[in-house]
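Written out below as structure tokens is the structure these notes cover.
Protein chains: 2
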Amino acid sequence: MRILLIGAGGVGDAIAKIAARRDFFELCVVADFDPARAERTVAAIAERTGVESARRFIAAQIDASDADAVTALAREHGATHVMNAVEPSFVPTVFAGAFAAGADYLDMAMSLSAPHPTDPYAQTGVMLGEQQFAAHDEWESSGRLALVGMGVEPGLSDVFARYACDELFDTVDELGTRDGANLVVRDESGNEIFAPSFSIWTTIEECLNPPVIWESGRGWFTTPPFSEPEVFDFPDGIGEVECVNVEHEEVLLMPRWLDAQRVTFKYGLGAEFIGVLKTLHTLGLDSTAPIRVRSADGPVSVAPRDVVAAALPDPAGIGPIMTGKTCAGMYVTGTKDGAPRAVYLYHVSDNEWTMREYGTQCVVWQTALGPVVALELLAAGTWAGAGVLGPEAFAAGPFLDLMARPEADGGFGQPWGLREETPATT
Amino acid sequence: MRILLIGAGGVGDAIAKIAARRDFFELCVVADFDPARAERTVAAIAERTGVESARRFIAAQIDASDADAVTALAREHGATHVMNAVEPSFVPTVFAGAFAAGADYLDMAMSLSAPHPTDPYAQTGVMLGEQQFAAHDEWESSGRLALVGMGVEPGLSDVFARYACDELFDTVDELGTRDGANLVVRDESGNEIFAPSFSIWTTIEECLNPPVIWESGRGWFTTPPFSEPEVFDFPDGIGEVECVNVEHEEVLLMPRWLDAQRVTFKYGLGAEFIGVLKTLHTLGLDSTAPIRVRSADGPVSVAPRDVVAAALPDPAGIGPIMTGKTCAGMYVTGTKDGAPRAVYLYHVSDNEWTMREYGTQCVVWQTALGPVVALELLAAGTWAGAGVLGPEAFAAGPFLDLMARPEADGGFGQPWGLREETPATT
Numbered sequence: 001m002r003i004l005l006i007g008a009g010g011v012g013d014a015i016a017k018i019a020a021r022r023d024f025f026e027l028c029v030v031a032d033f034d035p036a037r038a039e040r041t042v043a044a045i046a047e048r049t050g051v052e053s054a055r056r057f058i059a060a061q062i063d064a065s066d067a068d069a070v071t072a073l074a075r076e077h078g079a080t081h082v083m084n085a086v087e088p089s090f091v092p093t094v095f096a097g098a099f100a101a102g103a104d105y106l107d108m109a110m111s112l113s114a115p116h117p118t119d120p121y122a123q124t125g126v127m128l129g130e131q132q133f134a135a136h137d138e139w140e141s142s143g144r145l146a147l148v149g150m151g152v153e154p155g156l157s158d159v160f161a162r163y164a165c166d167e168l169f170d171t172v173d174e175l176g177t178r179d180g181a182n183l184v185v186r187d188e189s190g191n192e193i194f195a196p197s198f199s200i201w202t203t204i205e206e207c208l209n210p211p212v213i214w215e216s217g218r219g220w221f222t223t224p225p226f227s228e229p230e231v232f233d234f235p236d237g238i239g240e241v242e243c244v245n246v247e248h249e250e251v252l253l254m255p256r257w258l259d260a261q262r263v264t265f266k267y268g269l270g271a272e273f274i275g276v277l278k279t280l281h282t283l284g285l286d287s288t289a290p291i292r293v294r295s296a297d298g299p300v301s302v303a304p305r306d307v308v309a310a311a312l313p314d315p316a317g318i319g320p321i322m323t324g325k326t327c328a329g330m331y332v333t334g335t336k337d338g339a340p341r342a343v344y345l346y347h348v349s350d351n352e353w354t355m356r357e358y359g360t361q362c363v364v365w366q367t368a369l370g371p372v373v374a375l376e377l378l379a380a381g382t383w384a385g386a387g388v389l390g391p392e393a394f395a396a397g398p399f400l401d402l403m404a405r406p407e408a409d410g411g412f413g414q415p416w417g418l419r420e421e422t423p424a425t426t
Numbered sequence: 427m428r429i430l431l432i433g434a435g436g437v438g439d440a441i442a443k444i445a446a447r448r449d450f451f452e453l454c455v456v457a458d459f460d461p462a463r464a465e466r467t468v469a470a471i472a473e474r475t476g477v478e479s480a481r482r483f484i485a486a487q488i489d490a491s492d493a494d495a496v497t498a499l500a501r502e503h504g505a506t507h508v509m510n511a512v513e514p515s516f517v518p519t520v521f522a523g524a525f526a527a528g529a530d531y532l533d534m535a536m537s538l539s540a541p542h543p544t545d546p547y548a549q550t551g552v553m554l555g556e557q558q559f560a561a562h563d564e565w566e567s568s569g570r571l572a573l574v575g576m577g578v579e580p581g582l583s584d585v586f587a588r589y590a591c592d593e594l595f596d597t598v599d600e601l602g603t604r605d606g607a608n609l610v611v612r613d614e615s616g617n618e619i620f621a622p623s624f625s626i627w628t629t630i631e632e633c634l635n636p637p638v639i640w641e642s643g644r645g646w647f648t649t650p651p652f653s654e655p656e657v658f659d660f661p662d663g664i665g666e667v668e669c670v671n672v673e674h675e676e677v678l679l680m681p682r683w684l685d686a687q688r689v690t691f692k693y694g695l696g697a698e699f700i701g702v703l704k705t706l707h708t709l710g711l712d713s714t715a716p717i718r719v720r721s722a723d724g725p726v727s728v729a730p731r732d733v734v735a736a737a738l739p740d741p742a743g744i745g746p747i748m749t750g751k752t753c754a755g756m757y758v759t760g761t762k763d764g765a766p767r768a769v770y771l772y773h774v775s776d777n778e779w780t781m782r783e784y785g786t787q788c789v790v791w792q793t794a795l796g797p798v799v800a801l802e803l804l805a806a807g808t809w810a811g812a813g814v815l816g817p818e819a820f821a822a823g824p825f826l827d828l829m830a831r832p833e834a835d836g837g838f839g840q841p842w843g844l845r846e847e848t849p850a851t852t
């Protein structure tokens, strides 16, 4: 397997570092718009994992908004797989560039949505991934695979959903992704500061777009942002966090392959963060449309959302000043052997551990884990397919086994949890 | 009198329009960085007040950050008075430019403060206007006047304070400016929108800087932002508004000329607006230090605060979609004839009236009123002085009389109110 990894931001960097400990591939080209960033990743691998492993990594420059550049770089290195680790706004060009190069494709976020023009908080407009699913036949007939939404959420959450449907339930009512954390970032003086652990650009996109829900018989529909608040009790000491509906790929992926009455995604944003997002929206600072702003060099055009992202600490850099854990998981309700059942399948990532082991903060590290596990399953032929497919299109058992098995036994040493819940009385 | 008015934003535009109805001056050069803005003001005067009055107005271009340009333009037109109506960040250059040109000077906001480097929420650093007061001797020995802080707040509030000290009290405990409004802005669909009625740039500066308070025997000191919240009941149907301490020029001006135990400024921001300001601060979006931001034209440097200002509706343009009133006033406590007394002296500006009469929204109109009254008093020689002086250095009676007298009798037709309050039991 020869991988072209596009994007050496937080997640791309972590993918390379996790992959560096594995031997399923012969080459990984780490490409970024900023070549220094790609070189930093390769240098860090040499330092942590050793020169032998780092020899398989090459740093390169790329403009991910240029499909031809993606094709050219993939061809130059004979890439068999293009791993997309840039912002979702670049999905169309990386996706098309990989196809033109004859490479398989993986991503962790799908092509962006556009709200319904007149009824945004009830009806879907352009849906997440719609652009990519439209190319399914083309990919399938070429015998090529685009494995989309293969991060942690979407990604591991979809694997959990498939596992629940196959192994734990006879009938499924709800497949509900539930994500929460107890992360705290402090400045040098020990004061808590506002520093989101994931790209604020993507977080705004997710949280202010109308949340999408799927129901059997009704299909996909939307609600106003921050709908259906619920306090979810996360495991491993994280505790209760307020979760709200958020637009997310799982809701678009799972109904295509799995049988459930309802599919939802709720994000444990917490009250403070919800307040921040609402204020950004009120002030128009979530907008991606450039506005004219004065500057020392005369008027310039910038998108307010890009300014918000630039004003905050780089999420990839906050690891050393962050404490706490993040939990990704799937809450499933339904029946087994005629009795109601509810389980929460989850994976917890502890920042202290990811910083020590990989020099990477836990949220981006957890996002990066799934793609490497998937790539290894694809390299081994354990997972195989053609077309535009989600993680739930593949058998979940091998993924969860490889992920959980100790490193000493050839796995990734990342156990996952199953918490049996008290089902609501029906 | 020959006036060089620098700045044709909301307040500058309103100053020109109010002056257009008066005959105390022979020339008013309206200068702006954007010459089209200055021309728009002059054209609006021709339309509303008539060609005869408009003949006294000339539009010009100016860079207010360039003191030499201010001097040159003042000299070119033989300006006797430079009226500064640009943002307070340009005070130093306009102030210096006017002095070099041999003109008198007026402004409505003073040179900016800088927080105490180690103890910002208890001790003052560089104080508002400090830079200007340092030039007092120079102005005085040249026999020239810089009348600083001569808008509505500071400005009319200081006139009220002088009036209270001279006429209404024997001893004064507190001189407390209290500003509040019930303004609402709605979009085309009638939904309330977030649209501050005054420059958000200045509002952030005022509200996030450590509030300054003056106490007899202690002098000036600061507190954390939004300190000492108090619900104040504003007159004329505005009602109760939550007010908090805010850094403002009155606190720096009044103790220099008036005798009181305590001088404060509280702004009726309301809970929503306080929340917005806190969030902007949390996210670093209040910062005036340029940051690098990506753009379609490559990376650019912009100050986050400039982006926030650019993303919001222009305060000068929201008049037609705004309703409500704004109240500027001075709450004074003390004794008269041995008995405790408390009064609130105030002026209310109604948006419906200012829009109809001047095509200008009420907050900027109210700010613009004071400077024109003062200029007229200076032109008549009723007010005269040398040095860097605040409005409270001059007799208040003539100002309040001229302001309140009906237009038919040569006044500005703007009555003010005196509300006798119940003094707190001592």
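Protein chains in written order, with the working numbering: chain D, 1 to 426; chain G, 427 to 852. For every residue, glycine included, the Cβ atom is placed at its ideal position computed from N, Cα and C. Quick caveat, the model's predicted, so the values are computed rather than measured.
| Query | Result |
| --- | --- |
| Proximity test, Cβ basis, 8 Å: Phe226/D and chain G | no |
| Same chain, Cβ closer than 6 Å to Ala303/D, five either side skipped, listed in chain order | Thr288 and Pro290 |
| Residue(s) in a DSSP beta bridge with Glu347/D | Reading the sequence as shown, one finds His at residue 347/D and not Glu. Beta-bridge pairing links His347/D to Ala328/D. |
| Inter-stretch contact (C-beta, 8 Å, three-pair minimum) for the segment 731-744 of chain G and the segment 434-453 of chain G | yes |
| Contacts around Glu140/D, its chain only, beta-carbon distance under 6 Å, and the 5 residues preceding and following it disregarded | Ala386 and Gly387 |
| DSSP bridge partner residues for Lys704/G (one or two, in chain order) | None; Lys704/G has no bridge partner. |
| Three-state secondary structure (DSSP) of His542/G | coil |
| Cut-off 8 Å between Cβ atoms - residues of its own chain near Ile589/G, not counting five sequence neighbours on either side | It should be pointed out that residue 589/G corresponds to Tyr in this sequence rather than to Ile. The residues are Leu771, Ala822, Gly823 and Leu826. |
| Complete runs of the beta strand (DSSP E) confined to the segment 161-220 of chain D [at least 3 residues] | 171-181 and 212-215 |
| Beta-carbon spacing of Leu499/G, Leu430/G below 8 Å | yes |
| Spatial neighbours of Ser111/D in its chain, beta-carbon cut-off 8 Å, leaving aside the 5 residues before and after | Pro88, Val91, Pro92, Phe95, Leu128, Gly129, Glu130, Gln131 and Gln132 |
| DSSP-derived helix/strand/coil call for Ala303/D | coil |
| Whole-number beta carbon distance between Gly760/G and Asp613/G, since they are thought to touch under 8 Å | With 8 Å as the limit, Asp613/G and Gly760/G do not qualify as a contact, their Cβ atoms being about 46 Å apart. |
| Distance between beta carbons of Cys633/G and Leu709/G, contact taken as under 8 Å | The Cβ separation is near 15 Å, so there is no contact. |
| Three-state secondary structure assigned by DSSP to Met355/D | helix |
| Contacts around Arg21/D, its chain only, beta-carbon distance under 8 Å, and the 5 residues preceding and following it disregarded | Thr49, Ser53 and Glu407 |
| Assumed close pair Met756/G, Thr603/G - CB separation to whole angstroms, cut-off 8 Å | 6 Å |
| Ala135/D to Met150/D span [Cα, whole Å] | 18 Å |
| Buried or exposed by the 16-neighbour rule on C-beta atoms within 10 Å, applied to Thr848/G | exposed |
| Proximal residues of chain D, C-beta to C-beta of Gly710/G below 8 Å | Ala311 and Leu312 |
| Completely contained alpha helix (DSSP H) runs for the segment 482-519 of chain G, where each covers 4 or more residues | 493-502 |
| Pairwise C-alpha distance: Thr80/D and Glu39/D | 22 Å |
| Burial state of Asn191/D, where buried means 16 or more other Cβ atoms lie within 10 Å | exposed |
| Top-ranked residue by Cα proximity to Leu253/D, from Leu277/D, Glu153/D, Ala311/D and Glu205/D | Glu153/D |
| Span separating the alpha-carbon of Gly528/G from that of Asn510/G | 15 Å |
| Beta-carbon contacts of Cys45/D that lie in its chain and below 7 Å, excluding the five residues immediately before and after | Inspection of the sequence shows that residue 45/D is occupied by Ile rather than by Cys. Ala16, Lys17, Ala20, Ser53, Ala54 and Phe57. |
| For Met254/D, the three-state DSSP class (helix, strand or coil) | helix |
| Proximal residues to Trp791/G (C-beta, below 7 Å), its chain only, five neighbours per side dropped | Ala440, Ser775, Thr780 and Tyr784 |
| Chain-ordered residues of the segment 705-735 of chain G with a beta carbon less than 9 Å from chain D | Thr705, Leu706, Thr708, Leu709, Gly710, Leu711, Ser713, Pro716, Ile717, Arg718, Val719, Arg720, Ser721, Ala722, Asp723, Val726, Ser727, Val728, Ala729, Pro730, Asp732, Val733, Val734 and Ala735 |
| Residues of its chain near Ala735/G, where Cβ-Cβ distance is below 8 Å and the 5 sequence neighbours each way are ignored | Ser625, Ile626 and Trp627 |
| Beta-bridge partners of Val456/G, as assigned by DSSP | Leu431/G and Ala485/G |
| Check whether Cys753/G and Pro651/G have beta carbons under 8 Å apart | no |
| Bounding residues of the alpha helix (DSSP H) (the contiguous stretch that carries Asp137/D) | His136 to Ser141 |
| Amino acids of chain D, ordered along the chain, whose beta-carbon sits closer than 9 Å to that of Gly433/G | Going along chain D, no residue has its Cβ under 9 Å from Gly433/G, so there is no contact; the nearest lies around 14 Å. |
| Ser539/G beta carbon less than 8 Å from that of Asn671/G | no |
| Cβ neighbour criterion (16 or more within 10 Å) applied to Pro211/D | buried |
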